[in-house]
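Since the structure comes first, as structure tokens, the remarks are kept for the end.
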């Protein structure tokens, strides 16, 4: 693909921040900068790009708008703070204010053979992941000892460079760094909890004492006591729920990097970034889809069909208004389709398999909800009751252990499904997929979360009351995974 040369009257950085350009050239005082890709963007305010300058691979940050200078200076101050604390951070090659592009531009070295933390984490063994989180904890201890806090504590703000057996961690995003004369214990722990809560809850739960020991050693602290470790678990749980709520209950309902919002009267659409160009085609498909016969469910309150769009099998779930009284009760509340949309993104953020959310479509007149649709990818596989007919004993045991792990993970997170009937779980490619998400809830209260999980367990095991063999296989797997956790006993499962 050819690189476009922009005219003076155009501002490619402004266009790039709005998603309209990805490859172009910038003429700076020190030479020509070739941009090959846009990595991150905030419309009309900031854009991060990958490219080349003077034969060197670089990353470019451009700050735009009336506050550009303030944010650029804050980023530079953060980089200097990293350097003064002895924290690895990419070298700043060049900086300038460009009147031509009306922006402040920072050019950083590209760290060779480096991956983001999540890329490294998802592609390495359990032991390598554990070692990474120990090293990350020690790196954060170095930040805190120097009085540094990253306000945007995200794994992608760290780069992992592995050379032979040595792993180096580079810290990014100086703009998010805040400097304190001395951090309190609570500030330090909350910042660490905000980072660790973004990794797999089972792995972190099992290895947490080791991560905290790495942190304490790096700060020359005494080892953490059991009450301190338990208090930290509570901090992680709260931080995780806040992260999930900010994303799944707020961010995915507005324009963001993952979602495009469009209005085509009388419809309001939230679309996955992969299909946002197909809005009108999706609306046209709605009526046709429900005229055909491939119904997965036909009911008064909702109907579900499987449909083909662009050689892709999708599921369209339509939530109906039964009568005027039902319409009055639902008219101004969040639609059930919107609950499914938010919960699907919640599970995606947690790495829990569910049908990929494609679209939320709501039909409203003067703000009054008439119908709503949730569209997702079709998930094949076996339901809970189908397992014995298609599996031998070994396969059945593996499926039971995978289901127990899924439910225990949800228990630790504080999420309940709310409708654990057989057809709402599919087993495919050696893992369980969760469907029908409009009753799913995230619980801020640990007591309510446990009560809801007990109800989920009771409903789940009711699926196998007529099959003693499958019931016992499942019970054995759950007892092994839950260990001494009392919720199984409280659910009457012994």
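In my numbering, the protein residues as written are 23 to 516.
Built from N, CA and C at the ideal position, the CB exists for glycine as well.
Computed from a prediction, not measured in an experiment: that's the story for all the values here.
Same chain only: Cβ atoms within 6 Å of residue i, ignoring 5 sequence neighbours per side
i: residue 439; result: 462, 478
i: residue 319; result: 326
i: residue 512; result: 476
i: residue 62; result: 70
i: residue 368; result: 266, 270
i: residue 79; result: 132
i: residue 493; result: 486
i: residue 159; result: 233, 236, 237
i: residue 210; result: 166
i: residue 471; result: 436, 465
Cβ neighbours of residue i in the same chain (closer than 7 Å, five flanking residues each side left out)
i: residue 413; result: 421
i: residue 386; result: 288, 290, 392
i: residue 169; result: 201, 202, 203, 204, 205
i: residue 109; result: 164, 165, 193
i: residue 405; result: 444, 445, 447, 448
i: residue 76; result: 53
i: residue 415; result: none
i: residue 91; result: 126
i: residue 36; result: 66, 86
For residue i, the nearest candidate out of the options (CA to CA)
i: residue 60; options: 54, 360, 42, 53; result: 42
i: residue 424; options: 395, 499, 433; result: 499
i: residue 7; options: 308, 114, 309, 382; result: Not covered by the structure: residue 7. The range shown for the chain is 23 to 516.
i: residue 256; options: 277, 284, 285, 218; result: 218
i: residue 336; options: 323, 395, 491; result: 395
i: residue 135; options: 112, 430, 159, 129; result: 112
i: residue 101; options: 73, 79, 131, 87; result: 131
i: residue 22; options: 85, 328, 78; result: This structure cannot speak to residue 22, because the chain is shown only from 23 to 516.
i: residue 432; options: 223, 65, 236, 50; result: 223
i: residue 508; options: 175, 74, 281, 430; result: 430
i: residue 208; options: 186, 250, 174, 361; result: 250
i: residue 162; options: 175, 408, 407; result: 175
i: residue 230; options: 154, 74, 471; result: 154
i: residue 441; options: 362, 81, 260; result: 362
i: residue 181; options: 358, 137, 383, 489; result: 137
i: residue 296; options: 278, 403, 307, 58; result: 278
i: residue 316; options: 454, 403, 338, 152; result: 338
8 Å Cβ shell around residue i - same chain, five flanking residues per side excluded
i: residue 206; result: none
i: residue 510; result: 479, 500, 501, 504, 516
i: residue 371; result: 265, 266, 269, 270
i: residue 89; result: 67
i: residue 140; result: 177, 178
i: residue 227; result: 255, 434
Residues bridged to residue i [DSSP beta-bridge criterion]
i: residue 455; result: 448
i: residue 323; result: Answer is none; residue 323 lacks a bridge partner.
i: residue 341; result: 324, 394
i: residue 71; result: 60, 82
i: residue 485; result: None; residue 485 has no bridge partner.
i: residue 379; result: 398
i: residue 145; result: None; residue 145 has no bridge partner.
i: residue 435; result: According to DSSP, which records beta bridges pairwise, residue 435 is partnered with nothing at all.
i: residue 184; result: 189
i: residue 92; result: Answer is none; residue 92 lacks a bridge partner.
i: residue 54; result: 49
i: residue 130; result: 81, 114
i: residue 170; result: 201
i: residue 284; result: 291
i: residue 464; result: 437
i: residue 297; result: DSSP lists no partner for residue 297.
i: residue 137; result: 182
i: residue 333; result: Its beta-bridge partners do not exist; DSSP assigns none.
i: residue 517; result: One cannot answer for residue 517 here, as it falls past the ends of the chain, which runs 23 to 516.
Anticipated Cβ contact below 8 Å, residue i with residue j, distance rounded
i: residue 52; j: residue 116; result: 6 Å
i: residue 381; j: residue 294; result: 7 Å
i: residue 120; j: residue 127; result: 6 Å
i: residue 124; j: residue 33; result: 6 Å
i: residue 457; j: residue 495; result: Actually they are not in contact, since the Cβ atoms of residue 457 and residue 495 sit about 22 Å apart, beyond 8 Å.
i: residue 304; j: residue 466; result: So it is not a contact: roughly 34 Å between Cβ atoms.
i: residue 233; j: residue 156; result: 6 Å
i: residue 377; j: residue 398; result: 4 Å
i: residue 311; j: residue 329; result: 4 Å
i: residue 55; j: residue 48; result: 4 Å
i: residue 464; j: residue 437; result: 5 Å
Residue i: CB within 6 Å of a non-hydrogen atom of the ligand MG
i: residue 120; result: You won't find the ligand MG in this model; it holds no ligand whatsoever.
Exercise. Is the number of C-beta pairs between the stretch 449-465 and the stretch 478-497 that are closer than 8 Å three or more?
Worked result: no
Exercise. Is the stretch 191-203 in contact with the stretch 238-257, if contact means three or more CB pairs nearer than 8 Å?
Worked result: no
Exercise. Are there three or more Cβ pairs, one per stretch, closer than 8 Å when the stretch 93-104 is compared with the stretch 144-152?
Worked result: no
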